[in-house]
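Engineer: Numbering (our numbering), first residue to last: 0 to 251. Positions of the beta carbon are idealized from the N, C-alpha and C atoms, including for glycine. These figures come from a predicted structure and were not determined experimentally. Quick one: the structure is below, questions incoming.
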C-alpha cells in the first residue's frame, strides 16, 4: 500500500523519479521495493538509497518478452500495443469487488467502515483471482473488471502478471502467497475443479467514464451477457478507454 501511494503522489505531482532511504535491517522492504522497480543507487555507511525512474523513456520499445519479464518492475506503467496482448472483460460480484478494490472512488461506504481494518487483499498491489476461464490468458493481457448486479459497469483496468493453469500442481500454494478474496474453503473448491485458473494481476487505474452494460451492448461486447469472461478485440477496447485521462498517465 505504501509503495502504491508513494508512486501515485509522485505521478500526480509529475515527479521524474522517487528516492527512498532504507537500512540493511529493512531487508524485506528493500526486496519489495526492488520487486517493483526500485534500484539501489547509493550505499553510504548504514543507509541505502533506492531510486525508481518515472519518466517511462527507459521502458519504451522493449521487445515483448522483456516487457513480460519485467512487467511488475514497470509498475504502474503498462503497454497494450503489442499484437500478442489480448483484452478481456471480467465480471466480478459487488461483494468481491469491494474487497479487492477498497479504494474505488464510487464504492458505497458503510457506516461501520474502519480504515484501520482494511482487508489485506485491498492493501496489496498484486492480487489473485481464481476462476473457470474458457479463454487463454497470458502475462501482459489486459483485464477490464466489470462490476455486475448493482453498478453494471466497467470500473478498473488491470494487467495480468502471472497465470497458473489447471495443470499446475502448486496452484493452491501460489494462491496462498498472494492476496485473494476467496476463503480457504472456496480456494479448495477451485483447486479441485478441473477448469480452475489462477491469475495474478496488478490494478492500474479506475475508469472515470461510466461504461455501462447498455454501452457495451451498443458496442457488441455482451454476447455472453457478461456472465463469464468475455474477450474483446483491440478496436472495441480502444473505444472503451479512448477518453480516459488516466490512460495516458500509465500507458507506455
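#1: Rounded to the nearest angstrom, how far is the Cβ of residue 228 from that of residue 146, given a contact under 8 Å?
#2: Please check the pair residue 218 and residue 153, which I expect to be a contact at CB under 8 Å, by giving their CB distance rounded to whole angstroms.
#3: Roughly how many whole angstroms lie between the Cα atoms of residue 102 and residue 8?
#4: Would you mind stating whether residue 246 and residue 240 have Cβ atoms separated by less than 7 Å?
#5: Just the Cα atoms here: how many angstroms apart are residue 162 and residue 46?
#6: Indicate whether residue 144 and residue 204 have their beta-carbon atoms separated by less than 7 Å.
#7: For residue 146, which of helix, strand or coil comes out of DSSP?
#8: Residue 212: which of 39, 149, 32, 123 sits nearest, CA to CA?
#9: Which partner residues does residue 196 have in the DSSP bridge list?
#10: Could you check what DSSP says for residue 22 in three-state terms: helix, strand or coil?
#11: Take residue 22 and list the residues in its own chain whose beta-carbon comes closer than 8 Å to its own, dropping the five residues that flank it on each side.
#12: If the criterion is Cβ atoms closer than 7 Å, does the pair residue 67 and residue 159 meet it?
#13: Among 41, 80, 50, 39, whose alpha-carbon lies nearest the alpha-carbon of residue 59?
#14: What residue range does the alpha helix (DSSP H) around residue 66 cover?
#15: Following the continuous beta strand (DSSP E) through residue 52, name the residue where it begins and the one where it ends.
#16: Going by alpha carbons, who is nearest to residue 72 out of 164, 231, 83, 53?
#17: Considering only the beta carbon of each residue, do residue 220 and residue 235 sit closer than 7 Å?
#18: Could you pull out every residue in the same chain whose Cβ sits closer than 6 Å to the Cβ of residue 28, ignoring the five residues on either side in sequence?
Structural biologist: Based on what the coordinates show:
#1: Position 229 of the chain shown, counted from the start, is the residue given in the question as residue 228. Position 147 of the chain shown, counted from the start, is the residue given in the question as residue 146. Not a contact, Cβ separation roughly 14 Å.
#2: In the chain shown, residue 218 corresponds to position 219, counting from 1. In the chain shown, residue 153 corresponds to position 154, counting from 1. In fact, because the Cβ distance is near 11 Å, the residues do not count as touching under 8 Å.
#3: On the chain shown, residue 102 is found 103 positions in, with the first residue counted as 1. On the chain shown, residue 8 is found 9 positions in, with the first residue counted as 1. Residue 102 and residue 8 have their C-alpha atoms some 15 Å from each other.
#4: Taking the chain shown and counting its residues from 1, the one referred to as residue 246 is at position 247. Taking the chain shown and counting its residues from 1, the one referred to as residue 240 is at position 241. Yes, the pair counts as a contact, with Cβ atoms nearer than the cut-off.
#5: Position 163 of the chain shown, counted from the start, is the residue given in the question as residue 162. Position 47 of the chain shown, counted from the start, is the residue given in the question as residue 46. Near 37 Å, if we compare the C-alpha coordinates of residue 46 and residue 162.
#6: Locating residue 144 in the chain shown gives position 145, counting from the first residue. Locating residue 204 in the chain shown gives position 205, counting from the first residue. The answer is no: Cβ separation not under 7 Å.
#7: Indexing the chain shown from 1 puts residue 146 at position 147. Reduced to three states, the DSSP call for residue 146 is strand.
#8: The count along the chain shown starts at 1 and reaches residue 212 at position 213. The shortest Cα separation from residue 212 among 39, 149, 32, 123 belongs to 149.
#9: Stepping through the chain shown from its first residue, residue 196 is reached at position 197. Residue 196 pairs with 130.
#10: For the purposes of this step, residue 22 is taken as the residue at position 23 of the chain shown. In this structure, residue 22 counts as coil in the three-state DSSP scheme.
#11: Residue 22 sits at position 23 when you count from the first residue of the chain shown. If the five residues before and after residue 22 are omitted, its C-beta is found closer than 8 Å to the C-beta atoms of 45, 46, 47, all from its own chain and listed in chain order.
#12: Along the chain shown, one-based indexing puts residue 67 at 68. Along the chain shown, one-based indexing puts residue 159 at 160. Contact: no.
#13: Here residue 59 refers to the residue found at position 60 of the chain shown. Nearest of 41, 80, 50, 39 to residue 59, Cα basis: 80.
#14: As a working mapping, residue 66 is identified with position 67 in the chain shown. Unbroken alpha helix (DSSP H) run through residue 66: 63 to 68.
#15: One-based indexing of the chain shown puts residue 52 at position 53. Taken as a continuous stretch (DSSP letters only), the beta strand (DSSP E) holding residue 52 covers 46 to 52.
#16: Against the chain shown, residue 72 aligns to sequence position 73. When the alpha-carbon of residue 72 is set against those of 164, 231, 83, 53, the nearest one is in 53.
#17: The sequence position of residue 220 within the chain shown is 221, counting from 1. The sequence position of residue 235 within the chain shown is 236, counting from 1. For residue 220 and residue 235, yes; Cβs fall inside 7 Å.
#18: To locate residue 28, count along the chain shown from 1; it is residue 29. Hits under 6 Å: 21.
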